[in-house]
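Residue numbers (the working numbering): 29 to 342.
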């Protein structure tokens, strides 16, 4: 007669006992509350220490190329490319160029050099005083009374920040984007001072239109000089006629550029001084800090409990 053997259920030591887990957390509630409270206080202090950042933006419309330029580009595109002449006809191409150019170090350098007050406001501001609308500078970086840079840096850096240093900071406060459906461009600046943010957006649009306009005028003048020399060197009537039309298109480019200050972008909605801050989100910082503290507190309690349990079992 064989004995029926009923196997005993297997137990796994690594299984998580939810009852034990909750009991452990409840037993360590004092530590959890203490850690959560510390993190909550630190998060609130950190949030309050962060300066208000204001965002000002402008809505821009790209200036389209004219029909005459487009027709000339299709008619004499091959000849113009051989002569190094730009006939336009691609408004979106100029928009893409403008968007990338405003992000460049070369543009920032000209922007800073033309306005000496820009660099201190970019690199050394500690806070903005709303009462008298003035900037307070970090005394360890810039002396606002004397206008001297006093920061201590290691070579090859200089007390006065270089364009490379300023460019890294500038890219963090600049935002420019284009809507792929409407082609409208939004240009925005974030700064501690809402007045500085609005003023810089206006200046950036003005400088961008002016710089690219002057570049196109200079290019058109060089093209006209080249085309005139080619006319003098050819006797073919058809070729001379084509070259004269190219000169006419370049002359038209110069005339249109000089006639309109809004050469690349037309301002649809200009920048205004923002009344409300864009960041920091102090309530969000406090909530996230409190949650982090709570999770850390629970983790500490569980680690301590299971460490003691392992030591006891060994």
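Yeah, the Cβ is synthetic: ideal placement off N, Cα and C, and Gly gets one too.
By the Cβ neighbour-count rule, residue 139 is buried, with 16 or more other Cβ atoms within 10 Å of its own.
Residue 309 is positioned such that its CB atom lies no closer than 8 Å to that of residue 81. The beta carbon of residue 233 sits closer than 7 Å to the beta carbons of 86, 88, 215, 293 and 295 from its chain, once the five residues preceding and following it are set aside; these are given in chain order. Counting along the chain, no beta strand (DSSP E) covers residue 211, and no H or E run does either. Here residue 250 is exposed, its C-beta having fewer than 16 other C-beta atoms within 10 Å. Pairing residue 71 with residue 315, the inter-Cα distance amounts to about 8 Å.
For residue 253, the uninterrupted alpha helix (DSSP H) segment begins and ends at 222-261. In the same chain as residue 217, and ignoring 5 residues on each side of it, the C-beta atoms closer than 7 Å to its own belong to 84, 201, 202, 225, 228 and 229, in chain order. If you draw a 10 Å sphere on the C-beta of residue 287, you find fewer than 16 other C-beta atoms in it, and that means exposed. Residue 91 sits in coil when the DSSP states are folded into three classes, being neither helix nor strand. Put simply, the backbone Cα of residue 184 is about 22 Å away from that of residue 166. Buried is the label assigned to residue 278, since at least 16 other Cβ atoms lie within 10 Å of its Cβ.
If you draw a straight line from the Cα of residue 298 to the Cα of residue 236, it is about 15 Å long.
The beta carbon of residue 291 lies closer than 7 Å to those of 91, 237, 240, 241 and 285 in the same chain, with the five residues before and after it left out. Fully contained in the stretch 154-180 are the following beta strand (DSSP E) runs of length 3 or more, in chain order: 162-165. The C-alpha of residue 196 lies about 43 Å from the C-alpha of residue 329. Residue 256 places its beta carbon 8 Å or farther from that of residue 282. Separation of residue 317 and residue 327 (C-alpha to C-alpha, rounded to the nearest whole angstrom) is 15 Å.
Here residue 206 has 213 as same chain residues with Cβ atoms under 6 Å from its own Cβ, once five neighbours each way along the sequence are excluded. Membership of residue 72 in any beta strand (DSSP E) is not indicated; the residue belongs instead to the alpha helix (DSSP H) covering 57-77. The beta carbon of residue 79 sits closer than 7 Å to those of 155 and 220, all from its chain and outside the five residues before and after it, given in chain order. Here residue 134 is exposed. Its C-beta has fewer than 16 other C-beta atoms within 10 Å. If you draw a straight line from the Cα of residue 187 to the Cα of residue 141, it comes to about 17 Å.
DSSP, reduced to helix, strand and coil, places residue 276 within a helical segment of the structure shown. With 16 or more neighbouring CB atoms inside 10 Å of its own CB, residue 270 falls in the buried class. For residue 202, the enclosing beta strand (DSSP E) has its first and last residue at 202-206.
Residue pairing by DSSP puts residue 81 in a beta bridge opposite 307. Under the 10 Å beta carbon count, residue 244 is surrounded by 16 or more other beta carbons and is classified as buried. Each residue's CA atom was taken as its position, placing residue 62 and residue 335 some 21 Å apart.
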